[in-house]
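For what it's worth, our numbering labels the leading residue of the sequence shown as 5, then goes sequentially. Glycine included, C-beta positions come from ideal geometry on N, C-alpha and C. One structure is given below, encoded as structure tokens.
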Amino acid sequence: MACCNNGESCCDVNDDGVVHDTVKEYYGKRIQNTSDLKTSACCNVAKPKSAEVLNAMNSIHEEVTSKFYGCGLVTPSLLRGMKIIDLGSGSGRDCYVMSKLVGENGSVLGVDMTDEQLNVANKHINYHTQKFGYSKPNIGF
Ligand SMILES: C[S@@+](CC[C@H](N)C(=O)[O-])C[C@H]1O[C@@H](n2cnc3c(N)ncnc32)[C@H](O)[C@@H]1O
């Protein structure tokens, strides 16, 4: 249970559906940006080493990065032409980084269950398509 405070339980794991709803409520409503995270379990410990990954990260829209709730991206930088799926993609930061790394002929699909996160991710498809100089999006959520 990653979303608990001070050891208190925030969800009844024996009740099917409660965990699902609690996770959705947490990522969709309770936290609005990275600084609202209630646990240090989601800490950004991975340090991107390659210039390609750093460069891609620096070109992501601010609203997308402000809602990054992950633990850091571990990815090879040589992904050109690959097809990638990201499960639990949130606002899409890692997807957009990989959208740049795979290039116009690769593709990225982000999957998430939280509407609020998906709305942010979908909102910035055109922004990144233009930013990366692509003639059409190579990404979907
Ligand atoms: C720790 S956050 C990470 C989000 C994103 N990868 C990032 O780095 O910002 C976990 C995400 O997984 C999603 N998630 C959790 N369980 C899921 C499930 N069963 N199906 C789809 N998405 C799920 C949540 O909605 C949340 O956006």
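Residue i burial status per 10 Å Cβ neighbour count (16 or more: buried)
i, result
"Cys75", "exposed"
"Ala6", "Legend: pLDDT at Ala6 = 45, less than 50; position of this residue unreliable, value from coordinates given subsequently. It counts as exposed."
"Ile64", "buried"
"Asp19", "exposed"
"Gly21", "exposed"
"Asp98", "buried"
"Gly85", "exposed"
"Lys71", "buried"
Residue i CB to nearest heavy atom of ligand 1 below 7 Å
i, result
"Thr69", "no"
"Phe72", "yes"
"Arg97", "yes"
"Met117", "yes"
"Lys28", "yes"
"Tyr100", "no"
"Gly94", "yes"
"Gln36", "no"
Among the options, the one whose alpha carbon lies nearest that of residue i
i, options, result
"Thr43", "Tyr30, Pro141, Asn123", "Tyr30"
"Leu77", "Ile129, Glu67, Asp90", "Asp90"
"Thr133", "Asp119, Val112, Glu120", "Val112"
"Ser93", "Glu56, Gly114, Val68, Glu120", "Gly114"
"Asn123", "Val68, Phe136, Gly137", "Val68"
"Lys87", "Asp119, Lys53, Glu108", "Glu108"
"Ile129", "Ile35, Leu105, Gly96", "Gly96"
"His24", "Asn126, Asp116, Gly144", "Asp116"
"Tyr73", "Tyr131, Thr26, Ile35, Lys135", "Ile35"
Rounded Cβ spacing between residue i and residue j (contact assumed at less than 8 Å)
i, j, result
"Asn59", "Ser103", "The Cβ separation is near 13 Å, so there is no contact."
"Tyr105", "Ser81", "Looking at the sequence itself, residue 105 is Leu, so the reference to Tyr does not match. Yes, Leu105 and Ser81 are in contact; Cβ-Cβ is about 6 Å, under 8 Å."
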